[in-house]
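Undergrad: Handing you this structure, nothing more for now.
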Amino acid sequence: MTELLERAITRLKTLPASEQDVIASMILEELEDDLRWDEAFSRSPGTLAKLAASAMSEYRAGKTQELDPETL
């Protein structure tokens with residue numbers, strides 16, 4: 000375990016149990032999300048590369064438009 004993680008856990012231990020549970024749930028969900036992404040891309044390793052190449056091709060051809068985060 001890294002020193003930073005040890006410090007975080009030490010501070011977490013001082014929180015009420017309900018707050019510890021919330022943070023623990025967030026951490027576990029994040030780890031599970033990472034596993035799902037890893038599994039999804041390991042089944043089709045070329046898919047992400049193909050999507051990126053297609054997007055870059057469209058960008059170079061002037062077929063893309065800038066997204067405004069305020070309008071999403």
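Going letter by letter, the sequence shown gives residues 0 to 71 in numbering that gives the first Met the number 0.
Backbone N, C-alpha and C fix where the C-beta goes; we use that ideal spot for every residue, glycine too.
Taking only runs of the beta strand (DSSP E) that begin and end inside the segment 33-61, which ones reach a length of at least 3 residues, in chain order?
TA: Listed in chain order, there is nothing to give.
Undergrad: Can the beta-carbon of residue 11 be found closer than 8 Å to that of residue 19?
TA: Reading the sequence shown from its first residue, position 12 is the one you call residue 11. Reading the sequence shown from its first residue, position 20 is the one you call residue 19. Yes. Within cutoff.
Undergrad: Is it the case that the Cβ atoms of residue 69 and residue 63 are separated by a distance below 8 Å?
TA: Here residue 69 refers to the residue found at position 70 when the sequence shown is read from its first residue. Here residue 63 refers to the residue found at position 64 when the sequence shown is read from its first residue. Contact: no.
Undergrad: Counting only the same chain and skipping the five closest in sequence on each side, list residues whose C-beta sits under 8 Å from that of residue 54.
TA: By one-based count along the sequence shown, residue 54 stands at place 55. Same-chain partners within the cutoff: 63.
Undergrad: Just the C-alpha distance for residue 16 and residue 28, rounded to the nearest angstrom, thanks.
TA: For this step, residue 16 is matched to residue 17 along the sequence shown. For this step, residue 28 is matched to residue 29 along the sequence shown. Going by the C-alpha atoms only, they are around 18 Å apart.
Undergrad: Do you know offhand how far residue 44's Cα is from residue 34's?
TA: Here residue 44 refers to the residue found at position 45 when the sequence shown is read from its first residue. Here residue 34 refers to the residue found at position 35 when the sequence shown is read from its first residue. Looking at the two C-alpha atoms, the distance is approximately 15 Å.
Undergrad: Might you give, ordered along the chain, the residues of its own chain that have their beta carbon closer than 7 Å to the beta carbon of residue 22, omitting 5 neighbours on each side?
TA: Taking the sequence shown and counting its residues from 1, the one referred to as residue 22 is at position 23. Once the five neighbours on either side are set aside, the close Cβ partners of residue 22 are 11.
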